[in-house]
Amino acid sequence: MPERFLTIIDSRRDALLDDLRLHVGTPTGGFHTPGLDRTRALLTDRLRRLGASIDLVPGDPKPDWLFGVSPNSPIPPTAVCRGPAGIGPPILLAGHLDTVHDPAGPFRELTLAPDGATATGPGCVDMKGGLVILVAALEALAEAGVMPNWTVVFNSDEETGSYHSEAVLRAEARRAAGGVGLAVEPALPDGSLAVERLGTGQFRIDARGRAAHVGRDFASGVSAVTALARALVTIGDLPDLTRDKIINVGPVEGGIATNVVPDRASAWGNVRFPSRQIADELQRDLVALERPGPASVHVRTSFNRPAKPQTPETLRLAALARHAAETLGQRLPFAKTGGVCDGNILQSEGLPTIDTLGVRGGGLHTPQEWIEIPSLVERCQLLALLMARIAAGAWT
Ligand SMILES: [Zn+2]
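First residue of the sequence shown: 0, per numbering that gives the first Met the number 0; consecutive thereafter.
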């Protein structure tokens, strides 16, 4: 006799697809405020109907030296939706409303393949599908009288580093101490659950020299481009893939004309690391590039997402998820990824977190992003069963 909430979810196959169509058709890339506001309102209204209290927490600013940051970019709020009194340990659910897709681009809606097994659409797996199943799972549980102790956080800037929402995510992770974190990022290829993630950080290098006319006064010039280039060559030797120590440079800019010795040059880059130790090593490597004038080099860093190493607690939570999957006749292999997400932030506050409980598909961040339609029901059932078991004492 299947749990009643599983039957409810199964009966909502069409509603899940309709909901996905609605959310995929509402653009939330590029800090598109109307789309983000609408999506947030649609989702939080449904949670409010389940008895949740909704708080919109204003976002924090992000460092203005990061690449692509415009001082005029809107700073979206983060919605914290606290469920009605429930039983069992706290369950913190995290979902991001934003996508990477251009709201004015041609890729705008959900398009079903002729066989109906898959569909393409902006954000369909990353992570509108995850948002749809998150809300549907909570609704089905409530309808079946199962009351986990849940809080949902919807942020709107995960794809750009969660700078605006990091403080809220951290605060909610601490508040959920003793419980678990569940994020509905898309499953890895073949449906795997990520149990280990690298961390990531941003950096910027600014070189300053002295401008001079190349023909009349070359000797008094000091090239910032040359100073920057020396630093970049040093960086080229830093990656060590045997230890997952990764450092990438780009974009790079410098100079204003070919007949002027450039007095300014800058480069931006990204690091990835499996542990605090390698993060510290990268930090030291970058700081060691600094030089005083006349050809000065200045480095700024922001290691915004800590590594998410495999821990005994994460593995225990992953095993619970796998057991729930097997009950449903699904497979749930474990894997490791270099990608980062808000799960990194939640777990760094001590909250055991698994973060690829969303739907299956592929082509993330591309105009071919696609979803396996049956995964809407399957992964919704998995999420609901996992929460029901945690509420029933499987985690304590
Ligand atoms: Zn995502």
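Note that beta-carbon positions come from the ideal geometry of N, C-alpha and C, so glycine has one too.
Model, not experiment: these values are computed from the prediction.
When rounded, the separation of the alpha-carbon atoms in glycine 120 and serine 222 is 47 Å.
Around the CB of serine 155, 16 or more other CB atoms lie within 10 Å, so the residue is classed as buried. With 16 or more neighbouring CB atoms inside 10 Å of its own CB, threonine 313 falls in the buried class. Contact between leucine 187 and alanine 306 does not hold, since their C-beta atoms are separated by about 17 Å, which reaches or exceeds 8 Å.
Looking at the DSSP output, valine 298 shares a beta bridge with Ile204.
In the DSSP assignment, phenylalanine 4 falls within the alpha helix (DSSP H) that extends over 3–10.
A direct Cα-to-Cα measurement between glutamate 2 and valine 376 gives close to 14 Å.
Boundaries of the beta strand (DSSP E) around proline 147: 147–154. Out of Gly29, Ala230, Leu130, the CA that lies nearest to the CA of proline 291 is found in Ala230. Boundaries for threonine 98: no alpha helix (DSSP H) harbours it, and the DSSP string shows neither H nor E there.
Beyond the five residues adjoining it in sequence on each side, isoleucine 372 comes within less than 7 Å, by CB distance, of Leu16, Gly115, Ala116, Thr117, Ala118 in the same chain, given in chain order. Pairing arginine 209 with leucine 288, the inter-Cα distance amounts to about 19 Å.
For serine 374, the enclosing alpha helix (DSSP H) covers residues 373–388. According to the DSSP assignment, asparagine 343 belongs to the alpha helix (DSSP H) that extends over 341–347.
In this structure, ligand 1 has a non-hydrogen atom nearer than 7 Å to the beta-carbon of aspartate 125.
At the C-beta level, glutamine 201 and asparagine 247 stay beyond 8 Å of one another. Here the C-alpha atom of leucine 192 lies approximately 25 Å from the C-alpha atom of glutamine 276. Secondary structure in the stretch 297–340: the alpha helix (DSSP H) runs of 4 residues or longer, each lying completely within the stretch, are 311–326 in chain order. For threonine 77, the uninterrupted beta strand (DSSP E) run begins and ends at 77–81, by DSSP. Taking C-beta separations shorter than 7 Å and ignoring five residues to either side along the sequence, aspartate 13 has no partners in its chain.
With a cut-off of 8 Å on Cβ pairs, the stretch 16–32 is in contact with the stretch 93–110, counting three or more such pairs. Going by beta carbons, arginine 283 and valine 339 fall outside the 8 Å limit. Counting the other CB atoms within 10 Å of its CB gives alanine 320 a total of 16 or more, which places it among the buried residues. Shown here for glycine 50: same chain residues with a beta carbon closer than 6 Å to its own, the five before and five after excluded, namely Pro83 in chain order. In the structure shown, the three-state DSSP call for valine 68 is coil. Here DSSP, grouped into helix, strand and coil, assigns threonine 199 to strand. Within 7 Å of the C-beta of histidine 163 there is not a single heavy atom belonging to ligand 1. In this structure, isoleucine 245 sits near arginine 271, with a CB-CB distance shorter than 8 Å.
By the 16-neighbour rule on beta-carbons within 10 angstroms, threonine 38 is buried. For the options Asp189, Arg263, Leu285, the alpha carbon positioned closest to that of aspartate 236 is the one of Leu285.
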